[in-house]
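Engineer: Sending over a structure as structure tokens; questions will come in a sec.
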Amino acid sequence: MINKILTYGNLKKMFIASLVLIYLADLLIPKHHIVVSWEALPGFYSIYGFLSCVLIVLVSKLLGIWLQKREEYYE
Amino acid sequence: MSELSSLLNSGIHPGIILVLGASLIPLFGGKLKKAVLVLIPAAAFISLMFLPHGAHWGFDFLGYELIFGRVDNLSLCFGYIFTLMATLGMVYSLHLDDDGQHISALLYVGSALGVVFTGDYFTLFICWEIMALASLMLIWYKRDEPSRKAGYRYIMVHAFGGSVLLAGIIMQVAQTGSIAFDAADSGMLSSNLILLGFLVNAAVPPLHAWLSDAYPEGTVTGAVFLSAFTTKTAVYVLIRGYPGWEILIWLGTIMSIYGIIYAILENDMRRILAYSIINQVGFMVAGVGIGTALSLNGSTAHAFGHILYKGLLWMSAGAVLYMTGKRKCTELGGLYKSMPLTLIFCLIGAASISAFPLFSGFTTKSMIISAAANQHLIPVFMLLQLASAGVFLHAGIKFPYFVFFAKDSGIRTTEPPKNMLYAMGGAAFLCILLGVYPQLLYNILPAQIEYNAYTIDHVVQQLELLFYSALAFFVMLPLLKRKNTISLDTDWFYRKLAKGFMWYCEKPLTYYAKKIDDTASRTAYIFLWFTKNPVNAIGVFRDMLYVTVLEMAGSDKAGAFEKRIEQQKALHFSREEQITIGMAVFLLTIILLIYLLIYTIG
Chain B
1 MINKILTYGN LKKMFIASLV LIYLADLLIP KHHIVVSWEA LPGFYSIYGF
51 LSCVLIVLVS KLLGIWLQKR EEYYE
Chain V
76 MSELSSLLNS GIHPGIILVL GASLIPLFGG KLKKAVLVLI PAAAFISLMF
126 LPHGAHWGFD FLGYELIFGR VDNLSLCFGY IFTLMATLGM VYSLHLDDDG
176 QHISALLYVG SALGVVFTGD YFTLFICWEI MALASLMLIW YKRDEPSRKA
226 GYRYIMVHAF GGSVLLAGII MQVAQTGSIA FDAADSGMLS SNLILLGFLV
276 NAAVPPLHAW LSDAYPEGTV TGAVFLSAFT TKTAVYVLIR GYPGWEILIW
326 LGTIMSIYGI IYAILENDMR RILAYSIINQ VGFMVAGVGI GTALSLNGST
376 AHAFGHILYK GLLWMSAGAV LYMTGKRKCT ELGGLYKSMP LTLIFCLIGA
426 ASISAFPLFS GFTTKSMIIS AAANQHLIPV FMLLQLASAG VFLHAGIKFP
476 YFVFFAKDSG IRTTEPPKNM LYAMGGAAFL CILLGVYPQL LYNILPAQIE
526 YNAYTIDHVV QQLELLFYSA LAFFVMLPLL KRKNTISLDT DWFYRKLAKG
576 FMWYCEKPLT YYAKKIDDTA SRTAYIFLWF TKNPVNAIGV FRDMLYVTVL
626 EMAGSDKAGA FEKRIEQQKA LHFSREEQIT IGMAVFLLTI ILLIYLLIYT
676 IG
């Protein structure tokens, strides 16, 4: 039963649905705790979260060119 | 006798319970031993509930006042979580029949409690060093070559940190005459040295590589203890001694991002978690640097929550390692079928560290970020948010994904021993409890201030941050596929550069050292030879001069002198009127007497 609900395709659909719902929620809720003006932009934290992770992965990939060595490096 | 009863009236030091308890372990066996192992840290936890606030157990030591028990909200909060984690850790290691590991673990936690409750630098330093040695044993008990080597590097770094700390303490005592451990004076060099010693244990880059180098080499159960105590003791002493030091804001922020970048590059699941500790402690250090009541509460609460969920993550990684013998993402995968319970506990830990609403990270970390916002530290605020997104990326998704899902590695195994599951279950329960009912923790924080993490906009923003980080993870999955690599970190300097230095010492440096040594001993020999018989020596030098002059003049008389030189050299040591040692001493005594006379009269 549970295996039929939790298929790869269903999980993907549920994930995409939650992305949309969360984005919509951001547009609807009142924002009381604004620290920086750009926090008020619609869906700011969605974009910030996504871009942060892209940046982190790209920077680490770039550094990996110099930092990643084969496992026997220290032996 | 009255002294003893007054000591006991103020309760029992929880560290003493653990240390004395540790010494009793070899006396028990079988089921009784298992009960004792869990009861010791549990008793320490209970003893804390009866500790009255104030300074207890003061002793006079060489004119300085030692205080073993400074009990206030801050030390109690760390005391509670340390003993709680020790209890869970002991449950997790019950299957283990290795007294040495159990004793080291209890000694380690006991000395950490010693640091937390002490009010003076002397006790702090002693406990600090015991902590380093006891934790070293939790690495060495793995009993293999990599752990032996990593252990040596680990203890060398901590020996350095300890020396710097001691130097700072000695300077402090010399300047102020007090060994009291309180908020540091920013104008003094000693404060900076002590801070440096603390930062080594807090694993602040570039002094952090001992952690990511050695913790992954610890034993399955030892690593669970290691992940909790050394860095969090450092966070405690920073809160106590260095609140509001601006440099800590920046060091903490850098740390939180540094840890993520390396965790993304890593292939070894325990190394991912090790870098994740650096990332999380970064939030706490930044909180100490901000220094407001809210941020210090935040650092304390985050340390509390972190010990539980990071312990839980290390437990689940340990369970996988224990059952499969593998640690690399490239060798693992698809374990969700064989180890579903471990997966669920792991996911609870992952949700907690990622600060999902209803889990512990959400109710603790957000205090630090809110404090940064309240102080209008905009760059810090934004960078900590970025780091929060990154936490989900590496510890929240990457770790469970590559271990339990991704490709099917073909490994078929079972759940770990029951005691491991109970320990994970306990930690998972507490992670959710702190997420759902954070007031429980807020009530015991140092400052009593109102804080509510569950405002509607905060919850939505956090969900946005997390879900869109997850989206980024799946979009960039091809870039995140792991290969069999390791990543260079600052330990390179003492692992590779030190090898070059050793070559320099052994080859060129030794060659020239020998040259200098030879010249020196030759010179010394000539002086010795001269003083043995100065009159004859002068004769020899004079004749050598004659020979040189005559040869230059082209005279044939030089040969005669050369012959005389040979004769004189042969006679050099055999002259009968040589001064005996007794005679020399007598002459020296007379000279000294004359000198004394001149000195006293003059």
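First to last, the protein sequences are chains B and V.
For the first sequence, the numbering used here begins at 1 and goes up steadily by one.
For the second sequence, the numbering used here begins at 76 and goes up steadily by one.
Think of the CB as a built atom: it goes at the ideal place given N, C-alpha and C, for glycine as much as any other residue.
Whole angstroms are fine: how far does the CA of Lys590(V) sit from the CA of Val279(V)?
Structural biologist: Stepping through the second sequence from its first residue, residue 279(V) is reached at position 204. Stepping through the second sequence from its first residue, residue 590(V) is reached at position 515. About 43 angstroms.
Engineer: Name the one or two DSSP bridge partners that Ala255(V) has.
Structural biologist: Here residue 255(V) refers to the residue found at position 180 when the second sequence is read from its first residue. Partner(s): Asp195(V).
Engineer: Please report whether the beta-carbon of Asn10(B) lies at a distance below 8 angstroms from any beta-carbon of chain V.
Structural biologist: Residue numbering aside, residue 10(B) sits at position 10 when the first sequence is read from its first letter. Cβ-Cβ to chain V under 8 angstroms: no for Asn10(B).
Engineer: According to DSSP, is Gln68(B) helix, strand or coil?
Structural biologist: For the purposes of this step, residue 68(B) is identified with residue 68 of the first sequence, where counting begins at 1. In this structure, Gln68(B) counts as strand in the three-state DSSP scheme.
Engineer: Taking C-alpha atoms, which residue in Arg145(V), His128(V), Met160(V) lies nearest to Leu114(V)?
Structural biologist: Taking the second sequence and counting its residues from 1, the one referred to as residue 114(V) is at position 39. Ranking the options by Cα distance to Leu114(V), first place goes to Met160(V).
Engineer: Look up Asp219(V) in the DSSP assignment and say whether it is helix, strand or coil.
Structural biologist: Position 144 of the second sequence, counting from 1, holds the residue named residue 219(V). Looking at Asp219(V) - three-state DSSP - the assignment turns out to be coil, as it is neither helix nor strand.
Engineer: Any C-beta of chain B within less than 7 angstroms: which residues of the stretch 264–285 of chain V qualify?
Structural biologist: Residues passing the 7 angstroms Cβ filter: none.
Engineer: How is the beta strand (DSSP E) around Tyr8(B) delimited, first residue to last?
Structural biologist: Against the first sequence, residue 8(B) aligns to sequence position 8. Unbroken run through Tyr8(B) is the alpha helix (DSSP H), 8–28; no beta strand (DSSP E).
Engineer: Output yes or no for whether 8 angstroms exceeds the beta carbon distance between Phe197(V) and Leu141(V).
Structural biologist: Translated into the one-based positions of the second sequence, residue 197(V) becomes position 122. Translated into the one-based positions of the second sequence, residue 141(V) becomes position 66. Contact flag set, yes.
Engineer: Secondary structure at Leu282(V), three-state DSSP: helix, strand or coil?
Structural biologist: Indexing the second sequence from 1 puts residue 282(V) at position 207. The answer is coil: DSSP assigns Leu282(V) none of H, G, I, E or B.
Engineer: For a quick check, are the C-beta atoms of Phe304(V) and Tyr183(V) less than 8 angstroms apart?
Structural biologist: Position 229 of the second sequence, counting from 1, holds the residue named residue 304(V). Position 108 of the second sequence, counting from 1, holds the residue named residue 183(V). Their beta carbons are under 8 angstroms apart, which means Phe304(V) touches Tyr183(V) by this criterion.
Engineer: What does Lys31(B) touch in chain V if you count any residue whose Cβ is under 8 angstroms from its own?
Structural biologist: Working through the first sequence from its first residue, we reach residue 31(B) at position 31. Per Cβ cutoff of 8 angstroms: Asp532.
Engineer: My output table needs one value for Thr560(V): the three-state DSSP class, helix, strand or coil.
Structural biologist: For the purposes of this step, residue 560(V) is taken as the residue at position 485 of the second sequence. Looking at Thr560(V) - three-state DSSP - the assignment turns out to be strand.
Engineer: By a C-beta neighbour count over all protein chains shown, 10 Å radius and 16 as the cutoff for buried, is Pro83(B) buried or exposed?
Structural biologist: Residue numbering for chain B in the displayed model covers 1 to 75; residue 83(B) lies beyond these limits and cannot be assessed.
Engineer: Measuring CB atoms only, is the stretch 319–333 of chain V touching the stretch 544–555 of chain V, in the sense that at least three cross pairs come out at less than 8 angstroms?
Structural biologist: They do not touch, by the three-pair rule.
Engineer: Between Leu271(V) and Ile314(V), is the Cβ-Cβ spacing less than 8 angstroms?
Structural biologist: Within the second sequence, numbered from 1, the residue matching residue 271(V) stands at position 196. Within the second sequence, numbered from 1, the residue matching residue 314(V) stands at position 239. In this structure, Ile314(V) does not lie closer than 8 angstroms to Leu271(V) by Cβ.
Engineer: Could you tell me the distance, in whole angstroms, from the CA atom of Asp147(V) to the CA atom of Ile472(V)?
Structural biologist: One-based indexing of the second sequence puts residue 147(V) at position 72. One-based indexing of the second sequence puts residue 472(V) at position 397. When rounded, the distance between both Cα atoms is 38 angstroms.
Engineer: Just the Cα atoms here: how many angstroms apart are Ile392(V) and Tyr586(V)?
Structural biologist: Reading the second sequence from its first residue, position 317 is the one you call residue 392(V). Reading the second sequence from its first residue, position 511 is the one you call residue 586(V). Checking the sequence, you will find Ala at residue 392(V) rather than Ile. Between Ala392(V) and Tyr586(V), the C-alpha separation is close to 50 angstroms.
Engineer: With a threshold of 7 angstroms, establish whether the CB of Asp219(V) neighbours any heavy atom of the ligand PLP.
Structural biologist: The ligand content of the structure shown is nil, which means the ligand PLP is not present either.
Engineer: Thinking just about the alpha-carbon of each residue, which of Ser60(B), Glu72(B), Glu71(B) is nearest to the one in Leu555(V)?
Structural biologist: Within the second sequence, residue 555(V) is the residue found at index 480, counting from 1. Closest by alpha carbon: Ser60(B).
Engineer: Please return the same chain residues whose Cβ sits closer than 7 angstroms to the Cβ of Val511(V), not counting the five positions on each side in sequence.
Structural biologist: Counting from one through the second sequence, the residue named residue 511(V) turns up at place 436. Contacts found: Leu433.
Engineer: For the structure I just gave you, are there three or more beta carbon pairs, one from the stretch 127–141 of chain V and one from the stretch 345–358 of chain V, closer than 8 angstroms?
Structural biologist: Taking 8 angstroms as the limit for Cβ pairs, the verdict is that the stretch 345–358 of chain V does not touch the stretch 127–141 of chain V.
Engineer: Suppose you measure from the CA of Ile22(B) to the CA of Leu149(V); what does that come to, to the nearest Å?
Structural biologist: On the first sequence, residue 22(B) is found 22 positions in, with the first residue counted as 1. On the second sequence, residue 149(V) is found 74 positions in, with the first residue counted as 1. Roughly 38 angstroms between the two C-alpha positions.
Engineer: Let me see if you follow: with CB-CB separation under 8 angstroms, is Arg557(V) close to chain B or not?
Structural biologist: For the purposes of this step, residue 557(V) is identified with residue 482 of the second sequence, where counting begins at 1. Chain B contact via Cβ: absent.
Engineer: If His170(V) and Pro492(V) are in contact, beta carbons under 8 angstroms, what's the gap, nearest whole angstrom?
Structural biologist: Your numbering for residue 170(V) matches position 95 in the second sequence. Your numbering for residue 492(V) matches position 417 in the second sequence. Between Pro492(V) and His170(V) the Cβ distance is about 4 angstroms, and since that is below 8 angstroms, they are a contact.
Engineer: Does the stretch 502–509 of chain V touch the stretch 394–412 of chain V, meaning 3 or more C-beta pairs lie closer than 8 angstroms?
Structural biologist: As far as the Cβ criterion goes, the stretch 394–412 of chain V does not touch the stretch 502–509 of chain V, which means the pair count is below three.
Engineer: Let me confirm a value: Met76(V) is counted as buried when at least 16 other C-beta atoms fall within 10 Å, else exposed. Which label applies?
Structural biologist: As a working mapping, residue 76(V) is identified with position 1 in the second sequence. Here the model assigns Met76(V) a pLDDT of 40, short of 50, so the residue's position is not dependable and the matter cannot be decided.
Engineer: Identify, in the order they occur along the chain, each residue of the same chain with its Cβ nearer than 8 angstroms to the Cβ of Ile665(V), setting aside the five sequence neighbours on each side.
Structural biologist: Sequence index remark: in the second sequence, residue 665(V) carries index 590 (1-based). Cβ neighbours of Ile665(V) beyond the five flanking positions: none.
Engineer: Helix, strand or coil: which one does DSSP assign to Arg145(V)?
Structural biologist: Taking the first residue of the second sequence as position 1, residue 145(V) is located at position 70. In this structure, Arg145(V) counts as strand in the three-state DSSP scheme.
Engineer: Using only alpha-carbon positions, find the residue among Leu584(V), Ala635(V), Tyr139(V) that is nearest to Val622(V).
Structural biologist: Translated into the one-based positions of the second sequence, residue 622(V) becomes position 547. The option with the nearest alpha carbon to Val622(V) is Ala635(V).
Engineer: Contact between the stretch 368–386 of chain V and the stretch 286–295 of chain V: three or more CB pairs below 8 angstroms?
Structural biologist: The stretch 368–386 of chain V vs the stretch 286–295 of chain V: no contact.
Engineer: Is it buried or exposed for Val466(V), if we count other Cβ within 10 angstroms and need 16 for buried?
Structural biologist: Here residue 466(V) corresponds to residue number 391 of the second sequence, with the count starting at 1. Classification of Val466(V): buried, given that the 10 Å Cβ count is 16 or more.
Engineer: Can you give me the start and stop residues for the beta strand (DSSP E) that Phe300(V) sits inside?
Structural biologist: Taking the second sequence and counting its residues from 1, one reaches residue 300(V) at position 225. Careful: Phe300(V) lies outside any beta strand (DSSP E), inside the alpha helix (DSSP H) at 297–316.
Engineer: Between the Cα of Leu181(V) and those of Val275(V), Phe300(V), Tyr317(V), spot the shortest distance and give me the residue it belongs to.
Structural biologist: Mapped onto the second sequence, residue 181(V) falls at position 106. Nearest of Val275(V), Phe300(V), Tyr317(V) to Leu181(V), Cα basis: Phe300(V).
Engineer: Have a look at Thr251(V), Leu240(V), Ala446(V), Thr296(V) and flag the residue whose alpha-carbon is nearest the alpha-carbon of Asn276(V).
Structural biologist: In the second sequence, the residue the question calls residue 276(V) occupies position 201. Cα-wise, what sits closest to Asn276(V) is Leu240(V).
Engineer: Check the Cβ of Gln536(V) against every Cβ in chain B and list those closer than 7 angstroms, keeping chain order.
Structural biologist: Position 461 of the second sequence holds residue 536(V). The answer, in chain order, is Tyr45.
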